[in-house]
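Asker:
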Amino acid sequence: MPDRATHRRDASFPDAIESKETHCMSAELLASRPPESESTLVLTLSNPGARNALHPDMYAAGLEALNTAERDPSIRAVVLTGADRFFCAGGNLNRLLDNRAKAPSVQAASIDLLGEWITAINTVTKPVIAAVEGAAAGAGFSLALACDLLVAADDAKFVMSYARVALTPDGGGSWFLARALPRALAAEILFEGKPAAATRLHQLGVVNRLTKPGTTRDEAIAWADQLGTMSPNALARIKSLIADAQTQPLAAHLAAERDHFVASLHHADALEGITAFLDKRAPIYKR
Numbered sequence: 001m002p003d004r005a006t007h008r009r010d011a012s013f014p015d016a017i018e019s020k021e022t023h024c025m026s027a028e029l030l031a032s033r034p035p036e037s038e039s040t041l042v043l044t045l046s047n048p049g050a051r052n053a054l055h056p057d058m059y060a061a062g063l064e065a066l067n068t069a070e071r072d073p074s075i076r077a078v079v080l081t082g083a084d085r086f087f088c089a090g091g092n093l094n095r096l097l098d099n100r101a102k103a104p105s106v107q108a109a110s111i112d113l114l115g116e117w118i119t120a121i122n123t124v125t126k127p128v129i130a131a132v133e134g135a136a137a138g139a140g141f142s143l144a145l146a147c148d149l150l151v152a153a154d155d156a157k158f159v160m161s162y163a164r165v166a167l168t169p170d171g172g173g174s175w176f177l178a179r180a181l182p183r184a185l186a187a188e189i190l191f192e193g194k195p196a197a198a199t200r201l202h203q204l205g206v207v208n209r210l211t212k213p214g215t216t217r218d219e220a221i222a223w224a225d226q227l228g229t230m231s232p233n234a235l236a237r238i239k240s241l242i243a244d245a246q247t248q249p250l251a252a253h254l255a256a257e258r259d260h261f262v263a264s265l266h267h268a269d270a271l272e273g274i275t276a277f278l279d280k281r282a283p284i285y286k287r
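The opening position of the sequence shown corresponds to residue 1 in full-length UniProt numbering, with each subsequent residue numbered one higher.
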């Protein structure tokens, strides 16, 4: 059975897809270890009837799940997906209107907690793969962009329509798009707030792999399992290098590569990896 963090529906981020319904629903982040996988943790956004809209408590559950994954050597990779073949509709405009009557610190605290979850996705030492069916909207799009790899159904849509309701992005959406795309394309997506097709984002390099609708979760788990056979030490260090390359000057990055290479060479994984390559066999890295 998956672990459940159950909360009332009360998501907080706008997009063009999320409905304006106000009745309470059950918003959950489900954490499970699929029986077909030995090394992958699957996190599922679930908010029945609200297209998996977000709630701040889900961010806390996400942080807890990633902390667990970090500590558990049997978990080699994480897949983030949505229930019922829909990734995430982002948020609830009615809640935002309610928050206008509250102190600004209320909304700020919610966005800060989302930011902590986004940061954790970026800093957890294990690969995180987004599996997107249906649509990823608003902060749901930000969550998908925060992941290391992105698998999407070929009919999926991605949208950040904050500007259409006179708001600005959160969850790192503008940060990720500005780094993944040329400036003019990032501005187009954020200014206009129109849906971008998964096929277009695949051509632009934002989406890694396209799948047939209904198969995205399985494709992401299979990819995660494949990564799970590789050296956890090497993947963690490569993820750190990729993150640091966003801001480091070349000289500093060359030094970081040197340090990671030397540390990796003297790690037990390198002995297994090099020996296995020379012996023409598959390496087996200890958990």
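For every residue, glycine included, the Cβ atom is placed at its ideal position computed from N, Cα and C.
Just checking my contact of residue 41 with residue 78 at CB under 8 Å: how many whole Å lie between their CB atoms?
Answerer: Contact between residue 41 and residue 78 holds, with the beta-carbon distance rounding to 5 Å and staying under 8 Å.
Asker: Starting from residue 209, follow its DSSP beta bridges and name the residues at the other end.
Answerer: 151
Asker: With a floor of 4 residues, list each alpha helix (DSSP H) that falls wholly inside the stretch 173-253, ordered by position along the chain.
Answerer: 173-180, 183-192, 198-203, 216-228 and 232-244
Asker: Can the beta-carbon of residue 93 be found closer than 8 Å to that of residue 165?
Answerer: When the beta-carbon positions are compared, residue 93 and residue 165 come within less than 8 Å of each other.
Asker: Could you pull out every residue in the same chain whose Cβ sits closer than 6 Å to the Cβ of residue 82, ignoring the five residues on either side in sequence?
Answerer: 45, 52 and 88
Asker: May I ask you to report which of helix, strand or coil DSSP gives residue 288?
Answerer: Outside the modelled stretch of the chain, which goes from 1 to 287, sits residue 288, for which no answer is possible.
Asker: For residue 157, which residues does DSSP report across the bridge?
Answerer: Note: residue 157 is bridge-paired with 135 and 197 in the DSSP secondary-structure output.
Asker: Enumerate in chain order the residues of its own chain whose CB-to-CB distance from residue 23 is below 6 Å, with the five nearest sequence positions on each side excluded.
Answerer: For residue 23, the pLDDT reaches just 38, beneath the cut-off of 50, and the residue's location in the model is therefore unreliable, although a value from the coordinates is still provided. Contacts found: none.
Asker: Going by DSSP, which residues form a beta bridge with residue 129?
Answerer: In DSSP, residue 129 forms a bridge with 79 and 149.
Asker: Which residue comes first and which comes last in the alpha helix (DSSP H) that contains residue 54?
Answerer: Careful: residue 54 lies outside any alpha helix (DSSP H) and carries neither H nor E.
Asker: Can you check whether the CB of residue 116 is closer than 8 Å to the CB of residue 59?
Answerer: yes
Asker: Please report the distance separating the alpha-carbon of residue 150 from that of residue 100.
Answerer: 34 Å
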